[in-house]
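Trainee:
Numbering (my numbering), first residue to last: 297 to 672.
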């Protein structure tokens, strides 16, 4: 039963500021997901096609929704979208779901995992997607509860895989589902296809980067590295998400239990093959990124060496010019001053010419020295 704002003893305006915040915190704590996250239940199978029902309707239909193994058209899929704690616990009670599974529904697990119980098995998976108008990867969790003819999916965020499977059912399977196992397979496969699409985008960005990097000037080095690190971060994130999925699928396929039928294992092998392909592509891209990074850093080191070498050569030329012309400059400056210096009081230029000859000889000696030391 949901709490109404009119049920509060005093109007909100009559409560002091501290009580206001306390009341609001208590309201959210006691009604988590109430008016803020009402669940949406969709029913498929047994004559229903994407029919939205309330929790009360679900309770009234419990007799006809129970799993049936003797009816070939009895497969049913119930999708629950939302995170209302009380309503999710109520759904768990209706279908006899273990409290640990309900905890997984509420926790929005960040890892792929599976648990096998007495009457069903549970599978938690994640769908990857790009945040709006960015290259940042985010994820949404989905929990799949699987029985022979019954599949229950719970998720707190919108999932593209759920929408795609519902669209397929609307187009091809209006009256009845192919099987509950098919629903699980279709969901897992569409999630994997989302991974493949992200992998394709990463590969395309890497190809574009390789082409542009050849024409970028040295002043763009920071921008080049930032873009390369962004691609590497996405590839690493994808690798982090896909590797546990591969291990999970192998676990379900190899686990000797009657809960997982041969048909389900056939479906899971198909999904596993796609996951293995993505893992190989991710490994290839990561290796390629490492090679490009090493090559680019080598180019940066070489460019830096060339710049330093050019600066060194320039400084050598300045040193040579300064060394060679300092005596002549000093001599010319000395005799050009208005202050009397030795040699200016003579009636001839003998002193000046002698000093000039000495300066020129020193210049020639300097040139020979720089030649011997390979500065020239």
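Yeah, the Cβ is synthetic: ideal placement off N, Cα and C, and Gly gets one too.
Quick check: the Cα distance between residue 342 and residue 400, rounded to an integer number of angstroms?
Mentor: Looking at the two C-alpha atoms, the distance is approximately 28 Å.
Trainee: Which complete alpha helix (DSSP H) runs does the stretch 347-424 hold, if anything under 4 residues is left out?
Mentor: Counting whole runs of 4 or more residues, the stretch 347-424 contains the alpha helix (DSSP H) stretches 351-356, 358-361, 381-390 and 395-403.
Trainee: In angstroms, rounded to a whole number, what distance separates the CA positions of residue 345 and residue 359?
Mentor: So the two alpha carbons sit approximately 19 Å from each other.
Trainee: For residue 505, which residues in the same chain have their Cβ closer than 7 Å to its Cβ, ignoring the five residues on either side in sequence?
Mentor: The answer, listed in chain order, is 523, 524 and 527.
Trainee: Counting Cβ pairs, one atom from each stretch, are 3 or more of them under 8 Å apart for the stretch 465-480 and the stretch 557-572?
Mentor: Contact between the stretch 465-480 and the stretch 557-572 is present, because at least three Cβ pairs lie under 8 Å.
Trainee: Helix or strand or just coil, what does DSSP make of residue 331?
Mentor: Any reading at residue 331 needs caution, since the residue's pLDDT is 36, under 50, leaving its predicted position unreliable; the model's value is listed next. Coil, per DSSP.
Trainee: Does the Cβ-Cβ distance between residue 375 and residue 415 come in under 8 Å?
Mentor: Taking 8 Å as the Cβ cut-off, residue 375 and residue 415 do not qualify as a contacting pair.
Trainee: Take residue 466 and list the residues in its own chain whose beta-carbon comes closer than 7 Å to its own, dropping the five residues that flank it on each side.
Mentor: Once the five neighbours on either side are set aside, the close Cβ partners of residue 466 are 345 and 346.
Trainee: Check whether the stretch 546-557 and the stretch 614-633 touch, using three or more Cβ-Cβ pairs below 8 Å as the test.
Mentor: Result no; under three Cβ-Cβ pairs closer than 8 Å.
Trainee: Just how far apart, CA to CA, sit residue 353 and residue 544?
Mentor: Spanning the two alpha carbons is a distance of roughly 35 Å.
Trainee: Taking contact to mean 3 or more Cβ pairs, one atom from each stretch, closer than 8 Å, check whether the stretch 584-596 and the stretch 436-448 are in contact.
Mentor: Cβ pair count under 8 Å is below three, so no.
Trainee: Would you report the Cα separation of residue 609 and residue 664, rounded to the nearest angstrom?
Mentor: Their backbone Cα atoms lie some 18 Å apart in a straight line.
Trainee: Quick check on the burial criterion: 16 or more other C-beta atoms within 10 angstroms. Buried or exposed for residue 591?
Mentor: Label assigned to residue 591: exposed.
Trainee: What's the call for residue 421, buried or exposed, on a 16-neighbour Cβ count within 10 Å?
Mentor: Classification of residue 421: buried, given that the 10 Å Cβ count is 16 or more.
Trainee: Near residue 589, which residues of its chain fall below 8 Å by C-beta distance, leaving aside the five closest residues on each side in sequence?
Mentor: Taken in chain order, the residues that qualify are 524 and 528.
Trainee: Can you give the Cα-Cα distance for residue 370 and residue 571, rounded to whole angstroms?
Mentor: Computed Cα separation, rounded: 31 Å.
Trainee: Cβ of residue 498 within 8 Å of Cβ of residue 581?
Mentor: Yes. Within cutoff.
Trainee: Of the residues 410, 658, 472 and 429, which one's Cα is nearest the Cα of residue 550?
Mentor: The option with the nearest alpha carbon to residue 550 is 410.
Trainee: By DSSP, does residue 434 sit in helix, in strand, or in coil?
Mentor: Looking at residue 434 - three-state DSSP - the assignment turns out to be strand.
Trainee: Could you name the residues of the same chain whose beta carbon sits closer than 6 Å to that of residue 447, not counting the 5 residues immediately before and after it, in chain order?
Mentor: The residues are 373, 476, 479 and 480.
Trainee: Given a cut-off of 8 Å on the beta-carbon distance, is the pair residue 397 and residue 383 in contact?
Mentor: No.
Trainee: Quick one: Cα of residue 462 to Cα of residue 569, how far?
Mentor: So the two alpha carbons sit approximately 24 Å from each other.
Trainee: Of the choices 457, 520, 428 and 493, whose alpha-carbon is the least far from that of residue 486?
Mentor: Comparing Cα positions, the closest option is 457.
Trainee: Roughly how many angstroms separate the alpha carbons of residue 660 and residue 618, rounded to a whole number?
Mentor: If you take the alpha carbons of residue 660 and residue 618, they lie about 14 Å apart.
Trainee: Just the Cα atoms here: how many angstroms apart are residue 432 and residue 393?
Mentor: Cα-Cα distance, rounded: 35 Å.
Trainee: Tell me the residue span of the beta strand (DSSP E) that contains residue 337.
Mentor: Residue 337 -> beta strand (DSSP E) spans 336-341.
Trainee: Could you name each continuous alpha helix (DSSP H) segment of 4 residues or more that falls completely within the stretch 482-525, going from the start of the chain to the end?
Mentor: Qualifying alpha helix (DSSP H) stretches: none in this window.
Trainee: Do you know whose CA, among 388, 662, 518 and 541, lies nearest residue 624's CA?
Mentor: Taking only the C-alpha atoms, the option nearest residue 624 is 662.
Trainee: Just mark residue 530 as buried or exposed, buried being the case when its beta carbon has 16 or more other beta carbons within 10 Å.
Mentor: Answer is buried; the Cβ neighbour count reaches 16.
Trainee: Rounded to whole angstroms, what is the Cα-Cα separation between residue 357 and residue 578?
Mentor: The alpha-carbon atoms of residue 357 and residue 578 are separated by roughly 46 Å.
Trainee: Answer yes or no: does any C-beta atom of chain E fall closer than 8 Å to that of residue 583?
Mentor: Absent from the structure: chain E. Only one protein chain is present.
Trainee: May I have the straight-line CA-CA distance separating residue 391 from residue 507, to the nearest angstrom?
Mentor: In a straight line, the C-alpha of residue 391 is about 56 Å away from that of residue 507.
Trainee: Which residues in the same chain have their Cβ closer than 7 Å to the Cβ of residue 484, if we skip the five residues on either side of it in sequence?
Mentor: 421 and 567.
Trainee: Could you give the residue range of the alpha helix (DSSP H) that holds residue 651?
Mentor: Run containing residue 651: 646-668, per the alpha helix (DSSP H) assignment.
Trainee: Tell me which same chain residues have a C-beta within less than 8 Å of the C-beta of residue 454, skipping the five on either side of it?
Mentor: Counting only Cβ-Cβ distances below 8 Å, and skipping sequence neighbours, we find 377 and 436.
Trainee: How would you write the range of the beta strand (DSSP E) that residue 451 sits in, first residue to last?
Mentor: It spans 446-451 - the beta strand (DSSP E) in which residue 451 sits, taken as one unbroken run.
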